[in-house]
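In the numbering used here, the protein residues as written are 3 to 425.
All C-beta atoms, glycine included, are put in the ideal place defined by N, C-alpha and C.
Heads up, the thing below is written out as structure tokens.
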């Protein structure tokens with residue numbers, strides 16, 4: 003029998019919250035399709051995919067801060083000066099990055115959004131990009147909450163965002179507002195609200211203050227995490243960029259809906275991993291390596307059971323689910339696409355487990371060494387296979403990049419580290 007740990011109960015709170023998140027997210031998808039139609043929704047899909055790139059502008063502070071807090075807690079150190087330095091860094095990033103975002107707003111309609119440039123306004127696009135930046139910065143506060151054992155709050159935030167998004171779309175539809183710029187700006191606005199709430203609940207109203215010693219501690223970790231985050235983005239965040247070059251709007255929408263459905267599994271499993279990270283970090287500093295090993299095995303078993311059960315249900319009812327979400331019988335997922343996506347999710351469950359544990363132990367080198375090869379394989383495979391096999395080729399390219407690299411490299415590194423540390 004699998005014994006549940008404290009972090010599993012935090013994850014359970016997250017799952018309850020995510021039930022509401024999933025329900026409202028699916029309703030929001032249908033509302034967006036109704037308001038924006040297929041072309042507008044394809045544009046939304048590409049813009050939303052930029053979250054992964056704009057999140058890089060938090061410079062991997064979230065991961066560095068979470069591990070630093072875990073270390074400070076084990077060493078019984080005061081966290082206030084750490085929080086003051088973090089707030090100072092966030093303010094500096096926001097001030098200096100905002101003008102750069104305006105430049106991006108000018109460039110994007112001429113590059114990856116060229117197909118939809120007639121729908122875009124530069125000023126609205128700048129506001130949208132700023133809201134996506136805020137979304138990435140709020141992850142810093144989320145990681146702090148996980149590290150201080152308040153991880154149930156970050157698990158609730160997506161539900162708040164989804165509900166507020168639903169209310170805004172419901173009003174926009176009733177008022178017959180269908181301008182893409184206005185709709186997306188209002189739809190992404192809850193990110194700012196959640197950012198403020200997360201700030202208050204994590205570090206509270208404190209004065210920003212730069213502390214060189216604390217900054218260097220954070221910087222020593224964040225530079226490694228940042229390199230990995232950039233490389234990971236080239237593996238996981240290039241799909242929509244490539245699709246904007248090789249697929250039609252309808253196929254991009256089907257891919258978005260397919261991944262939106264199956265990623266619910268990763269969404270649920272990610273809740274467990276987010277709660278596990280600070281626990282593993284503290285166990286690492288306490289040198290309790292056997293417990294870490296057991297946690298990895300336990301969570302892969304749980305993740306595999308979830309994946310197999312939910313994938314079977316999704317595959318069986320895939321077309322009914324898709325019609326329920328989209329309201330359009332012209333958007334269908336083939337059985338091949340469903341099976342490929344299920345296989346991709348299984349690969350992610352396996353690799354995400356080991357990647358999370360390694361990062362919690364500050365073991366980033368293997369990721370920095372192996373992920374560039376994965377990124378090259380991912381980009382080349384997605385483009386070439388996408389040209390020949392459409393959206394199925396995009397998914398095959400993703401799977402291939404995992405199979406040839408991290409699927410075997412990460413567990414090999416993990417057991418090598420824990421064996422040597424234990425000895």
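Presumed contact (8 Å Cβ cut-off) between residue i and residue j, rounded CB distance
i, j, result
"residue 400", "residue 384", "7 Å"
"residue 146", "residue 67", "6 Å"
"residue 85", "residue 205", "4 Å"
"residue 81", "residue 208", "Wrong, their Cβ atoms sit about 11 Å apart, outside the cutoff."
"residue 255", "residue 333", "6 Å"
"residue 63", "residue 136", "Residue 63 to residue 136, Cβ: 14 Å. No contact."
"residue 373", "residue 237", "6 Å"
"residue 387", "residue 395", "3 Å"
"residue 87", "residue 252", "Between residue 252 and residue 87 the Cβ distance is about 48 Å, and since that is not below 8 Å, they are no contact."
"residue 233", "residue 357", "That belief does not hold up - the Cβ atoms of residue 233 and residue 357 are roughly 12 Å apart, past 8 Å."
"residue 353", "residue 404", "6 Å"
"residue 168", "residue 74", "So it is not a contact: roughly 39 Å between Cβ atoms."
"residue 138", "residue 59", "6 Å"
Same chain only: Cβ atoms within 7 Å of residue i, ignoring 5 sequence neighbours per side
i, result
"residue 34", "43, 46, 171"
"residue 268", "347, 350"
"residue 324", "259, 333, 334, 335"
"residue 439", "Only positions 3 to 425 of the chain appear in the structure, and residue 439 is not among them; the question remains open."
"residue 130", "49, 186, 187, 190"
Beta-carbon contacts of residue i that lie in its chain and below 8 Å, excluding the five residues immediately before and after
i, result
"residue 261", "343"
"residue 119", "111, 112"
"residue 246", "48, 114, 115, 117, 254"
"residue 76", "284, 287, 288"
"residue 22", "161, 164, 165"
"residue 1", "Lying outside 3 to 425, the shown extent of the chain, residue 1 is not represented and no answer is given."
"residue 37", "171, 174, 175, 179, 180, 185"
"residue 249", "257, 388, 392, 393, 396"
Residue i versus residue j: straight-line alpha-carbon distance, rounded
i, j, result
"residue 309", "residue 213", "45 Å"
"residue 110", "residue 241", "16 Å"
"residue 117", "residue 49", "13 Å"
"residue 133", "residue 51", "13 Å"
"residue 94", "residue 319", "48 Å"
"residue 391", "residue 125", "37 Å"
"residue 166", "residue 203", "19 Å"
"residue 329", "residue 157", "29 Å"
"residue 414", "residue 228", "23 Å"
"residue 296", "residue 55", "34 Å"
"residue 322", "residue 316", "9 Å"
"residue 277", "residue 100", "32 Å"
"residue 419", "residue 291", "10 Å"
"residue 192", "residue 140", "12 Å"
"residue 398", "residue 243", "16 Å"
"residue 273", "residue 155", "12 Å"
"residue 361", "residue 65", "8 Å"
"residue 305", "residue 271", "6 Å"
"residue 265", "residue 30", "16 Å"
"residue 389", "residue 275", "35 Å"
"residue 216", "residue 375", "34 Å"
"residue 57", "residue 98", "15 Å"
"residue 92", "residue 331", "45 Å"
"residue 159", "residue 311", "26 Å"
"residue 96", "residue 223", "21 Å"
"residue 78", "residue 366", "25 Å"
"residue 235", "residue 410", "20 Å"
"residue 122", "residue 83", "43 Å"
"residue 28", "residue 177", "21 Å"
"residue 200", "residue 144", "7 Å"
"residue 32", "residue 40", "11 Å"
Other residues of its chain near residue i: CB distance less than 6 Å, five sequence neighbours each side excluded
i, result
"residue 425", "Only weak support is given to the placement of residue 425: the predicted model assigns it a pLDDT of 48, under 50, and the value that follows is read from those uncertain coordinates. Cβ within range, chain order: n/a, list empty."
"residue 417", "none"
"residue 302", "355"
"residue 369", "230"
"residue 127", "107"
"residue 381", "240"
"residue 294", "282, 285"
"residue 102", "none"
"residue 257", "393"
Boundaries of the alpha helix (DSSP H) in which residue i is found, first to last residue
i, result
"residue 222", "214-238"
"residue 272", "251-287"
"residue 241", "241-248"
"residue 144", "124-149"
"residue 315", "291-318"
"residue 170", "154-176"
"residue 53", "53-56"
Closer than 8 Å: residue i CB and nearest the ligand NAP heavy atom
i, result
"residue 370", "Looking at this structure, you won't find the ligand NAP or any other ligand, since it has none at all."
Q: Pick out the complete alpha helix (DSSP H) segments inside the stretch 58-117, 4 residues or longer, and give them in chain order.
A: Fully enclosed alpha helix (DSSP H) runs of 4 or longer: 63-76, 82-109.
(Q) If we require 4 or more residues per run, which alpha helix (DSSP H) segments fall completely within the stretch 382-418? (A) If we require 4 residues or more, the alpha helix (DSSP H) runs fully inside the stretch 382-418 come out as 393-405.
Q. Can you list the alpha helix (DSSP H) stretches of 4 or more residues lying completely in the stretch 181-212, in chain order?
A. If we require 4 residues or more, the alpha helix (DSSP H) runs fully inside the stretch 181-212 come out as 182-190, 192-204.
Q) Going along the chain, which unbroken runs of the alpha helix (DSSP H) with 4 or more residues stay wholly within the stretch 320-389? A) Segments of the alpha helix (DSSP H) lying fully in the stretch 320-389: 320-328, 337-362.
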